[in-house]
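Asks:
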Amino acid sequence: MAYVITIDGPAGAGKSSIAKRLAQLLGIHYLDTGAIYRAIALILAEAEVRPEESEFLEEALSDIRIELRDGAVLVNGFDVSREIRTPRVDELASTYSALPSVRRALLGLQQDQEQYGSLVVEGRDEGSVVFPRAPLKFFLTASPEERARRRCLERERRGESVCYDEVLAAIKERDHYDSSRALAPLVQPEGAVLVDTSKMSEEEVVELLLSRVRGALSRGEVTA
Ligand code: DC
3 MAYVITIDGP AGAGKSSIAK RLAQLLGIHY LDTGAIYRAI ALILAEAEVR
53 PEESEFLEEA LSDIRIELRD GAVLVNGFDV SREIRTPRVD ELASTYSALP
103 SVRRALLGLQ QDQEQYGSLV VEGRDEGSVV FPRAPLKFFL TASPEERARR
153 RCLERERRGE SVCYDEVLAA IKERDHYDSS RALAPLVQPE GAVLVDTSKM
203 SEEEVVELLL SRVRGALSRG EVTA
């Protein structure tokens, strides 16, 4: 039987690398829902569709075909995995993802992934809205300062020049926006295990989550 593990939390809490590693260790699929929101935001912005509810938005959404293939996001057949990792798309994704019709358009696509087998899914509303009945939910967080430090390191590794203060300000602004939006705001889902990763290494977080999953599997709370 397929099972779903949800990992929600703010930007920079370490969700992606931890979710990916956890899925790998469990031998199940990994779904990065932020990448889907990023892809759709990029396409809408390029098509000059304003980030507000309108018939243009509805029409544009019905023309977009999103496919997930081996961790890559394809929009109308094109791989946009690289283009979606820019500060501009950080902002666009935050703006467009607050729109009800965008969230509606992506809900089924996310839920459908369960049919391909067990998965670790990461995002903002996975445990609260998309997979509310998931047997195991985590909420990862870290201080804004620590998250900004991690984001800067990530960008430096990609050869980009970064300014810590700017990254920190952007993180705080995005936190506020993602948590205060009316629809599916970023919240700790009911029943989710809260993990503050500020002072933990990636390996420590993975170990903690893995032991929780293994415990739940052995007690039959999660059936594989
Ligand atoms: O995790 P990320 O930074 O790649 O996510 C990009 C944006 O998408 C973020 O601003 C919030 C939004 N998002 C969302 O609203 N719901 C999700 N399940 C995942 C991401």
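Under the numbering used here, the first residue of the sequence shown is numbered 3, with each subsequent residue one higher. We put the CB at the ideal spot given by N, CA and C, even for glycine. The structure displayed is predicted, hence computed values, not measured ones.
(1) Using the three-state DSSP reduction, which class does residue 222 fall into: helix, strand or coil?
(2) When you compare the CB positions of residue 191 and residue 10, do they come within less than 9 Å of one another, or not?
(3) Please identify the residue among 3, 135, 40, 133 whose C-alpha is closest to the C-alpha of residue 74.
(4) If you drop the 5 nearest sequence neighbours on each side, which residues of the same chain put their C-beta closer than 7 Å to that of residue 44?
(5) If I measure Cβ to Cβ from residue 8 and keep anything under 6 Å in the same chain, skipping five residues before and after, which residues do I get?
(6) Based on Cα-Cα distance, which residue from 198, 12, 110, 107 lies nearest to residue 179?
(7) Helix or strand or just coil, what does DSSP make of residue 167?
(8) Would you kindly check if the distance between the Cβ of residue 159 and the Cβ of residue 169 is under 9 Å?
(9) With DSSP as the reference, identify every bridge partner of residue 32, one or two as the case may be.
(10) Using 8 Å for Cβ pairs, my map puts residue 15 next to residue 142. What's the rounded Cβ distance?
(11) In chain order, what residues of the same chain lie with their CB nearer than 7 Å to the CB of residue 200, ignoring the 5 residues before and after it?
(12) Where in the stretch 45-74 do unbroken runs of the beta strand (DSSP E), each at least 3 residues long, occur, reported from the N-terminal end onward?
(13) What runs of the alpha helix (DSSP H), each 4 residues or longer, lie entirely inside the stretch 132-159?
(14) Which stretch, first to last residue, makes up the alpha helix (DSSP H) that contains residue 242?
(15) Suppose contacts are defined by Cβ-Cβ distances below 9 Å. Is residue 184 in contact with residue 107 by that definition?
(16) Whose CA, out of 54, 104, 215, 214, lies closest to the CA of residue 68?
(17) From 42, 219, 189, 195, pick the residue whose C-alpha is nearest to that of residue 80; which is it?
(18) Along the alpha helix (DSSP H) that carries residue 197, what are the first and last residues, could you check?
(19) Residues in its own chain within less than 7 Å of residue 218 by CB, not counting five upstream and five downstream?
(20) Would DSSP call residue 24 helix, strand or coil?
(21) Should residue 95 be listed as close to the ligand GTP, given that the test is whether its C-beta is under 8 Å from any heavy atom?
(22) Could you spell out where the alpha helix (DSSP H) holding residue 10 opens and where it closes?
(23) Give the DSSP-derived three-state secondary structure of residue 188 in the structure shown.
Replies: This is what the structure gives:
(1) coil
(2) yes
(3) 40
(4) 82, 85, 86, 91, 94
(5) 123, 128, 129, 133, 136, 139
(6) 12
(7) helix
(8) no
(9) 122
(10) 4 Å
(11) 144, 145, 148
(12) 68-71
(13) 146-159
(14) What the structure shows of the chain is the stretch from 3 to 226, and residue 242 is not part of that stretch, so it cannot be assessed.
(15) no
(16) 104
(17) 42
(18) Here residue 197 belongs to no alpha helix (DSSP H); instead the beta strand (DSSP E) covers 195-198.
(19) 137, 138, 224
(20) helix
(21) Among the ligands in the structure shown, the ligand GTP does not appear; only the ligand DC can be found there.
(22) No alpha helix (DSSP H) contains residue 10, which is instead part of the beta strand (DSSP E) from 6-10.
(23) coil
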